[in-house]
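Residue numbers (the numbering used here): 9 to 147.
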Amino acid sequence: MNQDYSQYMARAVQTASPGQLVVMLYDGFLRFCAQAEEALAQGDVNTAGNRLTRAADIVNELRISLDVERGGEIAVNLSSIYVYVAECLMHARVRRDPERIREARRHMAELRAAWAQIAQQRKPEVARTAPAMGLNLVG
């Protein structure tokens with residue numbers, strides 16, 4: 009079953025639009041944070057730390073994939089939010105503080121909702137004049 013799920017996810021990533029890929033990253037972040045919070049509640053510090061690291065990796069990937077030159081103020085603001093969320097995760101890990109995880113989740117859940125709306129909007133196909141830049145989820 010795990011192999012079936014892996015194949016399903018690989019296919020989902022390969023066929024997703026860029027907006028859907030971003031939403032998938034947010035979903036992963038939220039899932040890892042929920043798992044970390046649950047692990048902390050059970051006293052499983054190792055699992056909590058692992059899940060917080062995975063969530064932080066997603067935040068870092070989202071942050072470094074921002075194009076501040078083209079994205080302007082929106083990209084700068086997103087970067088600031090991502091830095092804050094990463095700090096929340098670090099404090100949650102060091103202090104074993106589930107409230108900091110919840111704080112990070114709140115911010116990312118709001119952003120996820122906005123990205124989900126963007127991903128649902130159909131945009132006309134535009135010919136690319138340069139290679140696509142940004143997040144590579146499959147390779």
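Where is the CB? At the ideal position from N, CA and C, for every residue including glycine. Fair warning: this is a prediction, and the values are worked out from it, not measured in the lab.
DSSP, read as helix, strand or coil, puts Leu86 in helix. Of the residues Gly80, Phe40, Leu74, Gln125, the one whose Cα lies closest to the Cα of Ala112 is Phe40.
For Leu33 and Ile66, the gap between their C-alpha atoms comes out near 7 Å. For Leu119, the uninterrupted alpha helix (DSSP H) run begins and ends at 106-128, by DSSP. Under the three-state reduction of DSSP output, Gly27 falls in the helix class. In the structure shown, the three-state DSSP call for Gln43 is helix. Residues Trp123, Ile126, Ala127 of the same chain have their beta carbon placed closer than 7 Å to that of Gly27, with the five preceding and five following residues left out of the count.
Leu70: member of the alpha helix (DSSP H) spanning 53-72, first to last residue. Rounded to whole angstroms, the gap between the alpha carbons of Glu46 and Val84 is 32 Å. In this structure, Ala63 and Leu86 do not form a Cβ contact; the two beta carbons are roughly 17 Å apart against a cut-off of 8 Å.
For a cut-off of 8 Å, the C-beta gap from Val53 to Arg120 is around 27 Å, too long to register as a contact.
DSSP places Asp35 within a helical segment (H, G or I) once states are collapsed to three. No Cβ-Cβ contact shorter than 8 Å links Pro106 with Leu60. Between the C-alpha atoms of Arg103 and Ala56 there is a straight-line separation of about 12 Å.
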